[in-house]
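Input: a single structure, listed below in structure tokens.
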Amino acid sequence: MPKIAELPFKMLALNRFFLLLLLVLCSLTMNAQKGNAILYGVVSDSTGKPLPSATVALYGSNQFITITDSLGKYELELPALRQDTVIFSHLGLGFSKAILNLKEGERHKLNKSLYFSSTDLKGVEVVSEKIERGSGMTRIDPKLSNVIPGPGGNSVENLIKTRPGVTSNNELSSQYNVRGGNYDENLVYVNDVEVYRPFLIRSGQQEGLSFINSDMVSNISFSAGGFGACYGDKMSSVLDIKYKRATEFAGSASLSLLGESLSLEGSAGKGHRFSYLLGVRQKSTQYILGSLDTKGDYKPSSTDIQGYIAYDINDKWQLDILGNYSQNKYNVVPSNRTTTLGTVSEAIQFQVYFDGQEVDNYQTMTGAVSLIFHPNDRVKLKFITSAFQTTEDETYDIEGQFYLNQLNNNLGSSSFGQVAFNLGVGTFINHARDYLNANVYNFEHKGFLTLSPNNEFQYGAKVQHEMINDNMNEWNYVDSAGFSIPIQPDTAITLQNTIWNSHNISSNRFSGYVQDEIKWGNGAKKSLSIGVRANYWDLNRQTAISPRANFSIKPDWKKDFVFYIASGVYYQPPFFKEMLDLSGNFHPDVKAQESIHFVAGMDYNFRAWNRPFKFVTEAYYKILNNLDPYFIDDVRIRYFGNNTAKGYAEGIDFRVNGEFVKNVESWASLSIMQTKEIIANNTYYLYYNQYGQLITPSVIDARPVDSVKKTVGYVPRPADQRISFSIFFQDYIPKHPTYKMNLSLVFGTGFPFGPPNSIKFIDYFRMPFYRRVDIGFSKQLVGENAKTPSHITFLKHFNSIWLSLEVFNLLDVSNTVSYIWVQDSGGTKYAIPNYLTTRQLNLRLNIKF
Numbered sequence: 010m011p012k013i014a015e016l017p018f019k020m021l022a023l024n025r026f027f028l029l030l031l032l033v034l035c036s037l038t039m040n041a042q043k044g045n046a047i048l049y050g051v052v053s054d055s056t057g058k059p060l061p062s063a064t065v066a067l068y069g070s071n072q073f074i075t076i077t078d079s080l081g082k083y084e085l086e087l088p089a090l091r092q093d094t095v096i097f098s099h100l101g102l103g104f105s106k107a108i109l110n111l112k113e114g115e116r117h118k119l120n121k122s123l124y125f126s127s128t129d130l131k132g133v134e135v136v137s138e139k140i141e142r143g144s145g146m147t148r149i150d151p152k153l154s155n156v157i158p159g160p161g162g163n164s165v166e167n168l169i170k171t172r173p174g175v176t177s178n179n180e181l182s183s184q185y186n187v188r189g190g191n192y193d194e195n196l197v198y199v200n201d202v203e204v205y206r207p208f209l210i211r212s213g214q215q216e217g218l219s220f221i222n223s224d225m226v227s228n229i230s231f232s233a234g235g236f237g238a239c240y241g242d243k244m245s246s247v248l249d250i251k252y253k254r255a256t257e258f259a260g261s262a263s264l265s266l267l268g269e270s271l272s273l274e275g276s277a278g279k280g281h282r283f284s285y286l287l288g289v290r291q292k293s294t295q296y297i298l299g300s301l302d303t304k305g306d307y308k309p310s311s312t313d314i315q316g317y318i319a320y321d322i323n324d325k326w327q328l329d330i331l332g333n334y335s336q337n338k339y340n341v342v343p344s345n346r347t348t349t350l351g352t353v354s355e356a357i358q359f360q361v362y363f364d365g366q367e368v369d370n371y372q373t374m375t376g377a378v379s380l381i382f383h384p385n386d387r388v389k390l391k392f393i394t395s396a397f398q399t400t401e402d403e404t405y406d407i408e409g410q411f412y413l414n415q416l417n418n419n420l421g422s423s424s425f426g427q428v429a430f431n432l433g434v435g436t437f438i439n440h441a442r443d444y445l446n447a448n449v450y451n452f453e454h455k456g457f458l459t460l461s462p463n464n465e466f467q468y469g470a471k472v473q474h475e476m477i478n479d480n481m482n483e484w485n486y487v488d489s490a491g492f493s494i495p496i497q498p499d500t501a502i503t504l505q506n507t508i509w510n511s512h513n514i515s516s517n518r519f520s521g522y523v524q525d526e527i528k529w530g531n532g533a534k535k536s537l538s539i540g541v542r543a544n545y546w547d548l549n550r551q552t553a554i555s556p557r558a559n560f561s562i563k564p565d566w567k568k569d570f571v572f573y574i575a576s577g578v579y580y581q582p583p584f585f586k587e588m589l590d591l592s593g594n595f596h597p598d599v600k601a602q603e604s605i606h607f608v609a610g611m612d613y614n615f616r617a618w619n620r621p622f623k624f625v626t627e628a629y630y631k632i633l634n635n636l637d638p639y640f641i642d643d644v645r646i647r648y649f650g651n652n653t654a655k656g657y658a659e660g661i662d663f664r665v666n667g668e669f670v671k672n673v674e675s676w677a678s679l680s681i682m683q684t685k686e687i688i689a690n691n692t693y694y695l696y697y698n699q700y701g702q703l704i705t706p707s708v709i710d711a712r713p714v715d716s717v718k719k720t721v722g723y724v725p726r727p728a729d730q731r732i733s734f735s736i737f738f739q740d741y742i743p744k745h746p747t748y749k750m751n752l753s754l755v756f757g758t759g760f761p762f763g764p765p766n767s768i769k770f771i772d773y774f775r776m777p778f779y780r781r782v783d784i785g786f787s788k789q790l791v792g793e794n795a796k797t798p799s800h801i802t803f804l805k806h807f808n809s810i811w812l813s814l815e816v817f818n819l820l821d822v823s824n825t826v827s828y829i830w831v832q833d834s835g836g837t838k839y840a841i842p843n844y845l846t847t848r849q850l851n852l853r854l855n856i857k858f
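For the sequence shown, the numbering used here gives the first residue as 10, with consecutive numbering after it.
Now the structure itself:
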């Protein structure tokens, strides 16, 4: 049988006519017929785009069936005066159902939206073609976010970190780097509302729950570069999340050693006009943080409440409301720390005894109201107003007395591995009183126009108002082996990294875009998407124009290939953080950073072992201009506050996914990349003594008599991870599918780092490789394949119950996230690594009802 979706639209209309005629003739011969009714409407996807070739059918009958036309319209004759179930379905988008009892002769209108749906028994990217291949966006199965193991919780970000081109060296953080960019370069949308991350977070353990509630997600779309003009002004990536619209009452609950969650959904009214979605989450990583080198009393707590309400006012107007409240607290009273580093021939022990505490509080609220207007099947207009508010307090006073010891490396000694002698002692004090309050208000309008079955046009305009109040008071004091003690009696003690500033900023941003997508071709299918985006900020008075284009072609070959190229200009106007220099001074003249993308890719659907697979590869080159250089410590980014750098990023990504094990999807990703930058006026001096020997001017008995000025050329950017490799693998016991295993493996070469308070990039090192394996074992207690005892009647109310045992950091690798720098009495500096979590266990119970 030929695929109807591949026939010309005129043939679709003709087939639809004959199919309806056949249904009418069949209906006249039905026994005990009581008269008929007509069901009609439009079938669309989650974005409101009409779906051609969707199937509308009476459940259990092969007579009452039809398909939608090129505009998503359908009309189906049904038996009247009886209760029936009608099924709406589309290949790759799952199905929806409606229970009806129509009157004789009634014409009943029912519009349906189909959401992407698959189980872990099918490979989402192999099956679904709703997002066009080669469009720059790829679809990810949201259900997998609930099974992928990780100490940060089962989250969408864990899935993103296994994508090609995406890297992360911190399992405690939900942040990620994309193709050499930093955390601030990634766009995140939820139902077309931009999501902001906290500003003052400086370490992964301070992070609470991410905004995205995986229990509420219906669609995940992601692009690592080359995305269209309809997405905003960031340089690296876009993550587009759509929350689902409920059609019946359901819910899920999760309980684990790391926290708990509950989500409820339902609908009411004729034709499910009203629907609601509610999620509540609580998370505490106290158990996980106990494995860090720094011991103490950790009391992290994060609570998140989200709601999504959709209401069809009438056949043309729809009202959507999205709300979020998040409260994240991080309190710690450190006691001591012992870290061992070096090699067998030179093993060093770093011991610290702490006094003081840290008390942090992050509270964010987001609200959005969307009004959607469908005047007809070709036009969709959306009006969005949203508000974001964050209140962040970061306060700490921590004093540390540290000892740097040389360990005994004599293998034959009875005291091998114990302290041999002391290299130095010292004291440090870290102080902060940072308070930030930010408010962001938006009003946006988007339009979607179907000019023809092969031509879709969209546009948008947005006005944004920002108010930021920031008060920073922080400093460090380090006395390592007495080097910061005043040389003269009247000399003041010098503090390091002193910031004492207050800022009040109010500004407005204006942005807009147009984008047109055209498809053509009878043999080789071609698609061209072109658009332009513009933005203006009244603070730095800069207007940025960003043209973008994407072209794809599906050759008329026996094998299923798609080739595509994309290019565009991506301006990233500065936000508050980018305009602060290392001393906390505000620079309102900082301009937008610029990235010009060139992307060429291919994806190939094929079958191996009689199972579906997909292979995708992309090569890219990015020209980076007007860069604002930065340092990064853990997850905290400190900008220079100027546009003094330029650079590039280049690489290639590979990904293969499919049914490596029959009926479950797995994948592997490999990325090879490098990114470098050159900073204007980045110079340093080499000093020589009277004998022509290279010296350090701090050595008293070797004062310099000559110096040579050097210019630093291209150097690695902070996110320069040359090779990254990841695997997500699923398996189950044959003939016993209720026993499953999920494994996540991540490998990455080291990020660059160097000593603080020095000329940037003179002496640069590399962190050790990041290596991590998380694994989960699950047993289905209730569900499709589980045998539930018949006498336990209350279990019949649950759709599924899974019990999982997760092992984090299975290989117990000590991964490094950052460094503390100290020096001994001889002036030698040591980089003391801050290690991440060790091997930990987690028990989790998932329930769906």
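Even for Gly, the Cβ is constructed at its ideal location relative to N, Cα and C.
Checklist entry - Of the choices 843, 438, 387, 396, whose alpha-carbon is the least far from that of residue 460? => result Along the sequence shown, one-based indexing puts residue 460 at 451. Per the Cα distances, 387.
Checklist entry - How would you call residue 290, buried or exposed, if buried means at least 16 neighbouring beta carbons within 10 angstroms? => result The residue you call residue 290 lines up with position 281 of the sequence shown. So residue 290 counts as buried.
Next on the checklist: Considering only the alpha carbon of each residue, which of 58, 612, 99 lies closest to residue 457?
Outcome noted: Here residue 457 corresponds to residue number 448 of the sequence shown, with the count starting at 1. For residue 457, the nearest C-alpha among the options comes from 58.
Checklist entry - In terms of residue numbering, what span does the alpha helix (DSSP H) encompassing residue 76 cover? => result Position 67 of the sequence shown, counting from 1, holds the residue named residue 76. Counting along the chain, residue 76 falls outside any alpha helix (DSSP H), though it belongs to the beta strand (DSSP E) covering 74-76.
Next on the checklist: Please state the DSSP three-state secondary structure of residue 38.
Outcome noted: Position 29 of the sequence shown, counted from the start, is the residue given in the question as residue 38. The pLDDT assigned to residue 38 is 36, lower than 50, so where the model puts this residue is not dependable; a value taken from the coordinates is nonetheless given after this. DSSP places residue 38 in coil when its eight states are reduced to three.
Checklist entry - Do we get a CB-CB distance below 8 Å when we pair residue 786 with the residues of chain C? => result No chain C appears in this structure, which consists of one protein chain only.
Next on the checklist: Restricting to Cα atoms, I'd like to know which of 753, 557, 181 is closest to residue 158.
Outcome noted: Walking along the sequence shown from the start, residue 158 turns up at place 149. The candidate whose alpha carbon is nearest that of residue 158 is 753.
Item to check | Alpha-carbon spacing of residue 607 relative to residue 511, whole angstroms | outcome: In the sequence shown, the residue the question calls residue 607 occupies position 598. In the sequence shown, the residue the question calls residue 511 occupies position 502. Taking the straight line from one Cα to the other gives about 41 Å.
Checklist entry - If you run the structure through DSSP and keep just helix, strand and coil, what is residue 486? => result Reading the sequence shown from its first residue, position 477 is the one you call residue 486. Look at residue 486 here: in three-state DSSP terms it is strand.
Next on the checklist: Do residue 487 and residue 467 count as a contact pair if the criterion is CB distance below 8 Å?
Outcome noted: In the sequence shown, the residue the question calls residue 467 occupies position 458. In the sequence shown, the residue the question calls residue 487 occupies position 478. Cβ distance not < 8 Å, so residue 467 and residue 487 don't count as in contact.
Next on the checklist: What does the Cβ neighbour count give for residue 132, buried or exposed, with the cut at 16 atoms within 10 Å?
Outcome noted: For the purposes of this step, residue 132 is taken as the residue at position 123 of the sequence shown. Unreliable placement is indicated for residue 132, whose pLDDT of 35 sits below 50; the coordinate value is still reported in the next sentence. With 16 or more other Cβ atoms within 10 Å, it is buried.
Next on the checklist: Would you call the stretch 787-794 in contact with the stretch 739-755, where contact means no fewer than 3 C-beta pairs closer than 8 Å?
Outcome noted: Touching, per the Cβ criterion.
Checklist entry - Are the stretch 238-250 and the stretch 262-271 in contact at 8 Å, needing three or more beta carbon pairs? => result no
Item to check | Start-end ranges of the beta strand (DSSP E) lying completely within the stretch 571-617, minimum 3 residues | outcome: 602-617
Checklist entry - Between which two residues does the beta strand (DSSP E) harbouring residue 297 extend? => result Your numbering for residue 297 matches position 288 in the sequence shown. No beta strand (DSSP E) holds residue 297; the alpha helix (DSSP H) holding it covers 295-298.
Checklist entry - residue 130 by DSSP, collapsed to three states: which one? => result In the sequence shown, residue 130 corresponds to position 121, counting from 1. Any reading at residue 130 is ruled out, since the residue's pLDDT is 36, under 50, leaving its predicted position unreliable.
Checklist entry - Cβ of residue 686 within 8 Å of Cβ of residue 656? => result Position 677 of the sequence shown, counted from the start, is the residue given in the question as residue 686. Position 647 of the sequence shown, counted from the start, is the residue given in the question as residue 656. Going by C-beta atoms, residue 686 is nearer than 8 Å to residue 656.
Checklist entry - Measuring CA to CA, which of 543, 680, 407, 314 is closest to residue 579? => result Within the sequence shown, numbered from 1, the residue matching residue 579 stands at position 570. Per the Cα distances, 543.
Checklist entry - What three-state label does DSSP hand residue 322 in the structure shown? => result Indexing the sequence shown from 1 puts residue 322 at position 313. Note: residue 322 maps to coil in three-state DSSP.
Item to check | residue 318 versus 331, 391, 714, 410, residue with shortest Cα-Cα distance | outcome: The sequence position of residue 318 within the sequence shown is 309, counting from 1. The shortest C-alpha separation from residue 318 is found at 331.
Checklist entry - Does DSSP put residue 215 in a helix, a strand or coil? => result Locating residue 215 in the sequence shown gives position 206, counting from the first residue. Residue 215 falls in the helix class under three-state DSSP.
Item to check | Distance CB(residue 533)-CB(residue 563) smaller than 8 Å | outcome: Working through the sequence shown from its first residue, we reach residue 533 at position 524. Working through the sequence shown from its first residue, we reach residue 563 at position 554. For residue 533 and residue 563, yes; Cβs fall inside 8 Å.
Checklist entry - Could you give the distance in angstroms between the alpha-carbon of residue 821 and the alpha-carbon of residue 661? => result Taking the sequence shown and counting its residues from 1, one reaches residue 821 at position 812. Taking the sequence shown and counting its residues from 1, one reaches residue 661 at position 652. Distance between the alpha carbons of residue 821 and residue 661 is about 30 Å.
Next on the checklist: In whole angstroms, give me the CA-to-CA distance for residue 389 and residue 53.
Outcome noted: Counting from one through the sequence shown, the residue named residue 389 turns up at place 380. Counting from one through the sequence shown, the residue named residue 53 turns up at place 44. A straight line joining the alpha-carbon of residue 389 with that of residue 53 spans about 11 Å.
Checklist entry - Using a Cβ-Cβ cut-off of 6 Å (strictly less than) and excluding sequence neighbours within five positions of residue 205, which residues of its own chain qualify? => result Stepping through the sequence shown from its first residue, residue 205 is reached at position 196. The residues are 397.
Item to check | Residues sharing a beta bridge with residue 905, DSSP | outcome: Look at the range of the chain in this structure, 10 to 858, and you will see that residue 905 is not part of it.
Next on the checklist: Given this structure, state the Cα-to-Cα distance separating residue 240 from residue 234, to the nearest angstrom.
Outcome noted: For the purposes of this step, residue 240 is taken as residue 231 along the sequence shown, with counting starting at 1. For the purposes of this step, residue 234 is taken as residue 225 along the sequence shown, with counting starting at 1. Taking the straight line from one Cα to the other gives about 11 Å.
Checklist entry - What residue range is occupied by the uninterrupted beta strand (DSSP E) comprising residue 537? => result Within the sequence shown, the letter at position 528 stands for residue 537. 534-546 is the extent of the beta strand (DSSP E) around residue 537.
Checklist entry - When the Cα atoms are used, what is the spatial distance from residue 210 to residue 276? => result As a working mapping, residue 210 is identified with position 201 in the sequence shown. As a working mapping, residue 276 is identified with position 267 in the sequence shown. Their backbone Cα atoms lie some 38 Å apart in a straight line.
Item to check | Among 469, 597, 484, the one whose alpha carbon lies nearest that of residue 540 | outcome: Along the sequence shown, one-based indexing puts residue 540 at 531. Taking only the C-alpha atoms, the option nearest residue 540 is 469.
Item to check | Simplified DSSP assignment, three categories, for residue 33 | outcome: For the purposes of this step, residue 33 is taken as residue 24 along the sequence shown, with counting starting at 1. Note that residue 33 has pLDDT 38, beneath the 50 cutoff, so the model's placement of it is unreliable and no number is given.
Item to check | Three-state secondary structure assigned by DSSP to residue 822 | outcome: As a position in the sequence shown, residue 822 is number 813, starting the count at 1. Coil, per DSSP.
Checklist entry - Helix, strand or coil: how does DSSP classify residue 156 here? => result For the purposes of this step, residue 156 is taken as residue 147 along the sequence shown, with counting starting at 1. Residue 156: coil per DSSP, three-state reduction.
Item to check | Limits of the beta strand (DSSP E) - the one that residue 679 falls within | outcome: Residue numbering aside, residue 679 sits at position 670 when the sequence shown is read from its first letter. Looking at the DSSP string, the run of the beta strand (DSSP E) that includes residue 679 is 673-688.
Next on the checklist: Using C-beta distances below 6 Å, list every residue in its chain close to residue 92, excluding the 5 sequence neighbours before and after it, in chain order.
Outcome noted: Counting from 1 along the sequence shown, the entry for residue 92 is found at position 83. Only 110 meet the Cβ criterion.
Checklist entry - Do you know how far the Cα of residue 416 is from the Cα of residue 422? => result To locate residue 422, count along the sequence shown from 1; it is residue 413. To locate residue 416, count along the sequence shown from 1; it is residue 407. Taking the straight line from one Cα to the other gives about 12 Å.
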